[in-house]
Every structure is written in structure tokens, then in C-alpha cells.
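Peer 1:
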Amino acid sequence: MNQKGRAWIELDLHNLHHNVEELRKAAGAGCELMPAVKANAYGHGAVPVSRALAGDGITSFCVASLGEGIELREAGIRGMILILGYTSPADFPELLNYNLTQTVVDAACADDLDRCGRKLGQRIPVHVGIDTGMHRLGERSSDLERILPLWEVDGIRIDGVFSHLCVSDGITERERAFTMEQIRKFREVVEKIHSAGKSGFKTHLQGSYGLLNYPGAGFDFARPGIALYGAYSLPEDEKNTVFPADLRPVLSLKARVETVKMLRAGESAGYGLTYTAPSDRKIAVVSAGYADGVPRNLSNCGHALVKGQKVPIVGRICMDQFTLDVTEVRNVFPGDEAVLIGRSGSREISAAEMAQAAGTISNEILSRLGSRPERIVFTQI
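Heads up: the sequence shown begins at 482 in the working numbering, then just goes up one per residue.
Rendered as C-alpha cells:
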């Protein structure tokens, strides 16, 4: 089957390699990258991305779920794989079966892991989550009476301690002060754990914006996600980050023009009659829709590139198609490419630009790309 017959995703692994090197500079000496390959590597494809990262010397990865970790193991990915989120206690034996590391989301989770580990006669590898202000996972950093006893739990082996910055992308004085306070709290709790005689664990705190805005923080790992894939959450973020990383997009999203037709003045196109031609217009029906990850929010406000020209989406985006006004583009035919994310000629639409038009962030746009578009690796390292 033709991989480019309908809608497809192109992955540039040379750019991925380049981004790894840029983020290593931001991390500084002594800090290793633990890439976030959750959500199918932000829509890029967890297996091909992880294999490429392993070729770059990456030996630690983080995912959101047990299933994501198992997928990587079954694809032959080695090294440490940390599950950042919840795993059902009924599935804890699989952590040992697949050599996966589980986050301790609270003291009760540690108790459940302990029971499983003692029953199976093995210590389950874990990283302890610490709440420094996001109030999502982990015990509060001030609750040492709940944190320190975790090192006495027989059924687990604590290999790491971590937290998460919740506003490290912010540029206001309040946001920066909050992030600095989170960093201070994390350093303090790590020092107190060490002072209590606990050692032998790694530390990590920064995600993408933690690396770009607070580089060289001095922890053992950093967990880049969106930046690894050469994207910023919003277009303005690129000029607002502290570290001048030269990030390059890894992913392009493209689809074929199915048919080209004329729309007479006063005629409407698509569901709901939301677009009416103000004059005679030439429209192209494109073979991608919201089932492929094109947000319905882009109806009548998004754009694509055709033959190097930026053209508007008109009418509602459907499950499997959307329509472009290509009146100003010469010689558009069925089979031509429409670029939703990526380059055409000298023009480019970034994931962040698409996200801004859809009223969201690129993290959501990329991670919601469907399984239907083929992932094509076209630049090998």
C-alpha cells in the first residue's frame, strides 16, 4: 500500500538528533536526558523515536502508562523506563515482568507496591514523586514524616526522587518566582532525605521549559518532551526562553488533494453551511480530518500549504476530509500535497501555529495525531 496515498506523517530523525544535542547543552554536565516518549512520543511514534534516541546514547525514558512501557520493551528498547502515572495494583506484577520503574504517587501506592513485591519476593524499582506545588502527584515536600518511611518499605527499591514544574514556561514575575520556589523546595527535600542517611537515588525536576528557562539546574536527569520534537507549545515561546536552543521540527503532517471543484458565489461547502462563497471560488477537498488529528476547531480559521502558498480552510473539518480555498493557487490537481504542519517551498506552518489557531497548545495537537496517518521515517541518522 502506498504510504503517502492519503494522509501521512514524516519524521526527520536528523532533526531529532540535532535537538538531543541542543538539549544536552541546556542540561549541562552531569545531567542526562530522560526523554518523554509518552502519548506515542507526542504523536511521532514511540518505537521509531525511542530507537533513534537509543542510537544517540539515551538510556532512560519516561512514559505515562504501563501499556506504553510494555510497547517499548516488546520493541526491544533497553534501559530504564519510568512510568510517570498511575498503574493499577492488579498490574504491578507486570512491572517486574517487563523491568519497568513505577512512580510512587503517594504513600498508599507504596503500600500496594510493597505487598506485591513481598508476595513475589522481589523489590519493585520505583521513583518517588514529590509535590512541590503543582498538587498533582506525590506527597507534599514538607511531609517528611510520610516521605522518609518509604525507604523502609521492603517491597520497593527507590532509584529516584522527582517533582514537576507547573509554570516553568511562564515569563511573569509571579510565574518565575513560583518556579524558583518549586526548585528550592525540591532541593531542600532532597537535602533532608540525604541528611536522614538515604542515598543511591537519582533526582529530576525539569521538563522542556524547565530546561530552556532554568538550564543547568544540576539534577541527575531532565525530562524533555515537546522541545525534543522541535516544537514550542505556542509560537511566542521561542523568543521568550532563556536558553537559545536551535530546535528543529521533527514532524510534518501532509495529505493528498482528493478533488478540485468550483464553488459558485452564494453556494455553501461542508456540514452546517458555515461557509458561503462570497464569489466564485476554487476549492480542494483534502484527504484528512479530525480522525487523523486535524482539530475541528480549525474549521473556517486554519490554513494549509499547497504548492508553497498558504491557503485557508473553508467550511467545517469533517472526520475524514476538509476543504481549502485554492482560488489563488495555479494548477492544483488531485494527488497534490497539502501540508498542515511542515514546509512547502519557502513557507512553513509550525505545530505551534496550528495550535494557536485552534485555541490550544502544540503538545495537544501532536499527541492527538491519530493512528491512521502512516509514520514515515525519511531521514536516518
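Beta carbons are placed, not taken as given, at the ideal position from N, Cα and C, and that holds for glycine.
Because the structure is a prediction, the values reported are computed rather than measured.
Report all residues from its chain with a CB closer than 7 Å to the CB of R621; omit the five preceding and five following residues, and keep chain order.
Peer 2: Closer than 7 Å at Cβ, skipping near neighbours: D612.
Peer 1: Please identify the residue among V795, G557, F702, S831 whose C-alpha is closest to the C-alpha of A508.
Peer 2: Comparing alpha-carbon positions, the option among V795, G557, F702, S831 lying closest to A508 turns out to be F702.
Peer 1: Would you mind stating whether Q867 and G770 have Cβ atoms separated by less than 8 Å?
Peer 2: With the chain running from 482 to 862 in the structure shown, residue 867 is simply not present.
Peer 1: Could you check the C-alpha separation between H784 and N500 for me, to the nearest Å?
Peer 2: If I take the Cα positions, the gap works out to 27 Å.
Peer 1: How many whole angstroms separate the CB atoms of L715 and K673, which I take to be in contact at a CB cut-off of 8 Å?
Peer 2: Incorrect: roughly 37 Å between the Cβ atoms, too far for contact.
Peer 1: Ends of the beta strand (DSSP E) at L492?
Peer 2: 488-493
Peer 1: L754: buried (16+ other C-beta within 10 angstroms of its C-beta) or exposed?
Peer 2: exposed
Peer 1: Between which two residues does the alpha helix (DSSP H) carrying C597 extend?
Peer 2: 588-601
Peer 1: How would you call F667, buried or exposed, if buried means at least 16 neighbouring beta carbons within 10 angstroms?
Peer 2: buried
Peer 1: Based on the DSSP secondary-structure assignment, which residues constitute the bridge partners of H498?
Peer 2: For H498, which the question treats as bridged, DSSP gives no partner whatsoever.
Peer 1: With a 10 Å radius around its C-beta and 16 neighbouring C-beta atoms as the bar for buried, classify M661 as buried or exposed.
Peer 2: exposed
Peer 1: On the criterion of 16 or more Cβ atoms from any shown chain inside 10 Å, does E491 qualify as buried, or is it exposed?
Peer 2: buried
Peer 1: Is A750 closer than 8 Å to T804 when the C-beta atoms are compared?
Peer 2: yes
Peer 1: By Cβ distance, which residues of its chain are closer than 6 Å to L629, with the 5 residues on each side in sequence left out?
Peer 2: The residues are A677.
Peer 1: How is R856 classed by DSSP in three states: helix, strand or coil?
Peer 2: strand
Peer 1: DSSP beta-bridge partners for I637?
Peer 2: I605
Peer 1: Which runs of the beta strand (DSSP E) fall wholly inside the stretch 525-593 and span at least 3 residues, in chain order?
Peer 2: 541-544, 561-564, 582-585
Peer 1: Identify every residue that forms a DSSP beta bridge with K791.
Peer 2: L786
Peer 1: Our contact map puts D635 next to H608 with C-beta atoms below 8 Å; I'd like the distance itself, whole angstroms only.
Peer 2: Not quite, the Cβ-Cβ distance comes to about 18 Å (not below 8 Å), so this is no contact.
Peer 1: If you follow the alpha helix (DSSP H) that H675 is part of, which residue opens it and which one closes it?
Peer 2: 654-676
Peer 1: Any idea if I862 is buried or exposed, counting beta-carbon neighbours within 10 angstroms, 16 or more meaning buried?
Peer 2: Residue confidence is low: I862 scores 45 on pLDDT, short of 50, so the model does not pin down where it sits. No coordinate-derived value is stated.
Peer 1: Please identify the residue among N844, T808, I822 whose C-alpha is closest to the C-alpha of Y713.
Peer 2: A check of alpha carbon separations from Y713 across N844, T808, I822 identifies N844 as the nearest.
Peer 1: Using 10 angstroms around the beta-carbon of F782, count the other beta-carbons present and answer buried if the total reaches 16, otherwise exposed.
Peer 2: Note that residue 782 corresponds to Cys in the displayed sequence, not to Phe. Under this definition C782 is an exposed residue.
Peer 1: Just to confirm the assignment: which complete beta strand (DSSP E) runs, minimum length 3, are found wholly within the stretch 756-784?
Peer 2: 762-767
Peer 1: In the DSSP assignment, find the unbroken beta strand (DSSP E) run with R627 in it and report its ends.
Peer 2: First-last for R627: 625-628, but that is the alpha helix (DSSP H), not the beta strand (DSSP E).
Peer 1: Looking only at its chain, what residues have a beta carbon closer than 6 Å to the beta carbon of G526, apart from the 5 residues adjacent to it on each side?
Peer 2: In its chain, beyond the 5 residues on either side, R856 have a beta carbon closer than 6 Å to the beta carbon of G526.
Peer 1: Whole-angstrom Cβ separation of V723 and N694, contact assumed at under 8 Å?
Peer 2: 5 Å
Peer 1: Below 8 Å on the Cβ atoms is my guess for L514 versus P705; work out the distance and round it to an integer in Å.
Peer 2: A Cβ-Cβ distance of about 6 Å is found for the pair L514 and P705, placing them in contact under the 8 Å criterion.
Peer 1: Rounded to whole angstroms, what's the CA-CA distance from R617 to Y752? Just pull it up for me.
Peer 2: 40 Å
Peer 1: Which value, in whole angstroms, describes the spacing of the CA atoms of R559 and T540?
Peer 2: 7 Å
Peer 1: For the pair the stretch 546-556 and the stretch 731-750, tell me if three or more CB-CB distances fall below 8 Å.
Peer 2: no
Peer 1: Run through DSSP, which three-state label would S827 get?
Peer 2: coil
Peer 1: Determine the direct distance from the alpha carbon of G691 to that of G619, and round the result to whole angstroms.
Peer 2: 19 Å
Peer 1: Taking DSSP's pairing of strands, which residues face F702 in a bridge?
Peer 2: Its beta-bridge partners are E513, H685.
Peer 1: Should V792 and V775 be called a contact, given that it needs their Cβ atoms to be closer than 8 Å?
Peer 2: Inclusion of V792 and V775 in the CB contact set at 8 Å is not warranted, their separation being larger than that value.
Peer 1: Please classify G691: does DSSP put it in a helix, a strand, or coil?
Peer 2: G691 falls in the helix class under three-state DSSP.
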